[in-house]
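Quick notes on the structure that follows.
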Amino acid sequence: MDRTFVEEELSDSENERVNVRWAEMLPEALVEVMRRLPSRELLKTVPQVCKAWRKASLDPACWQVVDLKVWCNSVKVWRVSAGGGEIVDRMVKLVVSRSCGGIRELRVANLHSDASLHYLAQSRLNSLRTLCIPSSKITEDGLCELILTLPSLLHLDISECRAIKCKALEVIGQTCKSLIRLDMCALNCAKIPHAPRDSEALAIAHNMPKLKHLEMFYGTLTDAGLIAILDKCPDLEYLDVRLCRYVGYEFSMSSKCQKVRQVIGWSAEGSDHDHDEDDDYDDYDDDDGGAWDDDRRWI
Numbered sequence: 001m002d003r004t005f006v007e008e009e010l011s012d013s014e015n016e017r018v019n020v021r022w023a024e025m026l027p028e029a030l031v032e033v034m035r036r037l038p039s040r041e042l043l044k045t046v047p048q049v050c051k052a053w054r055k056a057s058l059d060p061a062c063w064q065v066v067d068l069k070v071w072c073n074s075v076k077v078w079r080v081s082a083g084g085g086e087i088v089d090r091m092v093k094l095v096v097s098r099s100c101g102g103i104r105e106l107r108v109a110n111l112h113s114d115a116s117l118h119y120l121a122q123s124r125l126n127s128l129r130t131l132c133i134p135s136s137k138i139t140e141d142g143l144c145e146l147i148l149t150l151p152s153l154l155h156l157d158i159s160e161c162r163a164i165k166c167k168a169l170e171v172i173g174q175t176c177k178s179l180i181r182l183d184m185c186a187l188n189c190a191k192i193p194h195a196p197r198d199s200e201a202l203a204i205a206h207n208m209p210k211l212k213h214l215e216m217f218y219g220t221l222t223d224a225g226l227i228a229i230l231d232k233c234p235d236l237e238y239l240d241v242r243l244c245r246y247v248g249y250e251f252s253m254s255s256k257c258q259k260v261r262q263v264i265g266w267s268a269e270g271s272d273h274d275h276d277e278d279d280d281y282d283d284y285d286d287d288d289g290g291a292w293d294d295d296r297r298w299i
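The opening position of the sequence shown corresponds to residue 1 in full-length UniProt numbering, with each subsequent residue numbered one higher.
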């Protein structure tokens with residue numbers, strides 16, 4: 001029910017009693033409520049309600065799962081000259097600091113350098129299991145520095161990170177022995193001509209045998225790369241190879257693909273290359289139209 005409507009129906013004394021009940025909740029109960037709120041609300045809205053809420057929102061338990069991808073996409077509309085990259089870096093430092101090293105899932109986007117990766121590496125985040133940093137201007141050296149500190153990582157999203165090639169993938173596979181999900185889509189590179197290349201697919205196949213979920217949307221792999229992945233990753237349950245223009249549709253691959261529970265973008269009947277690519281861009285549109293342009297004040 002809308003809070004404004006409720007407040008209009010209550011008398012001043014009743015409103016006061018409601019506020020007192022919230023403020024007098026046990027700190028443990030408040031933390032349990034706060035940890036379920038979106039990260040942006042924890043940062044911007046909750047601390048302004050009352051001292052008890054602000055104190056609860058600072059508890060490390062509230063910062064074990066952080067998802068700021070949509071906020072980072074709104075930051076993308078700020079020009080780099082206006083400090084957009086530094087703003088995202090400051091946000092990463094803030095949420096990691098509040099977690100006191102206990103963060104388990106971190107989802108951000110549009111990192112403009114290796115600065116945040118270096119900070120994360122220095123922070124020794126032994127509890128981190130999910131790291132999503134799509135659309136970031138990072139280097140292989142920067143990513144490798146961080147990955148070497150995350151041997152227990154289970155899910156990594158490096159989609160649209162153009163500099164990440166087979167060198168980093170080999171380090172990821174050799175370090176993160178339990179990695180079960182890798183997202184490596186190339187949506188923003190879709191209209192840039194690329195020659196067929198299996199080096200990344202082979203690095204995945206030979207170094208990540210426990211993968212269950214793999215996304216290579218708009219990848220440059222060929223039939224050989226796909227076959228290597230299917231042969232070397234026996235636990236694979238989900239595979240997205242939509243619009244991988246160099247993947248053929250030979251009947252000989254049917255039996256291999258049938259072993260995967262869900263394959264998107266491949267079928268024995270033919271290609272999906274001729275469908276409207278704008279639909280795929282719509283699926284990946286996280287921009288909220290700059291509705292959070294004022295959020296620089298609370299970082």
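Built from N, CA and C at the ideal position, the CB exists for glycine as well.
{"Query": "Cβ separation of residue 222 and residue 198, assumed to be a contact under 8 Å, to the nearest whole Å", "Result": "6 Å"}
{"Query": "Cα-Cα separation between residue 164 and residue 109, rounded to whole angstroms", "Result": "15 Å"}
{"Query": "Identity of the residue in 161, 63, 209, 245 nearest residue 140 by Cα", "Result": "161"}
{"Query": "Closest Cα partner of residue 263 within the set 69, 214, 147", "Result": "214"}
{"Query": "Proximity of residue 334 and residue 143 at Cβ, strictly below 8 Å", "Result": "Absent from the model: residue 334. The displayed extent of the chain is 1 to 299, so no value can be given."}
{"Query": "Residue 66 versus residue 107 - alpha carbon distance", "Result": "6 Å"}
{"Query": "contact_flag[the stretch 27 to 45, the stretch 54 to 66] where n(CB pairs < 8 Å) is 3 or more", "Result": "yes"}
{"Query": "Status (buried if at least 16 other CB within 10 Å, exposed otherwise) for residue 244", "Result": "buried"}
{"Query": "Nearest candidate by alpha-carbon position, reference residue 178, set 95, 211, 206", "Result": "211"}
{"Query": "Proximity winner among 200, 173, 112, 127, relative to residue 216 (alpha-carbon distances)", "Result": "200"}
{"Query": "Where residue 33 falls: helix, strand or coil (DSSP)", "Result": "helix"}
{"Query": "Identified DSSP bridge partners for residue 105", "Result": "65, 130"}
{"Query": "Where the beta strand (DSSP E) through residue 238 begins and ends", "Result": "238 to 240"}
{"Query": "Sheet register partners of residue 215 (DSSP bridge)", "Result": "183, 240"}
{"Query": "Cβ-heavy atom distance, residue 235 to the ligand ZN, below 7 Å", "Result": "The ligand ZN is not part of the structure shown, which contains no ligands of any sort."}
{"Query": "Candidates 126, 186, 149, 97: closest to residue 171 by CA position", "Result": "149"}
{"Query": "Residue 63 versus residue 246 - alpha carbon distance", "Result": "42 Å"}
{"Query": "Option in 39, 28, 74 with minimal Cα separation from residue 55", "Result": "28"}
{"Query": "Collapsed DSSP secondary structure at residue 96 in the structure displayed", "Result": "helix"}
{"Query": "Same chain, Cβ closer than 8 Å to residue 119, five either side skipped, listed in chain order", "Result": "89, 92, 93, 96"}
{"Query": "Pairwise C-alpha distance: residue 44 and residue 100", "Result": "19 Å"}
{"Query": "For residue 194, the three-state DSSP class (helix, strand or coil)", "Result": "coil"}
{"Query": "Pair within 8 Å by beta-carbon distance, residue 155 and residue 129", "Result": "yes"}
{"Query": "Residue 157, enclosing beta strand (DSSP E) - first and last residue", "Result": "155 to 157"}
{"Query": "Cβ-Cβ distance between residue 186 and residue 219 below 8 Å", "Result": "yes"}
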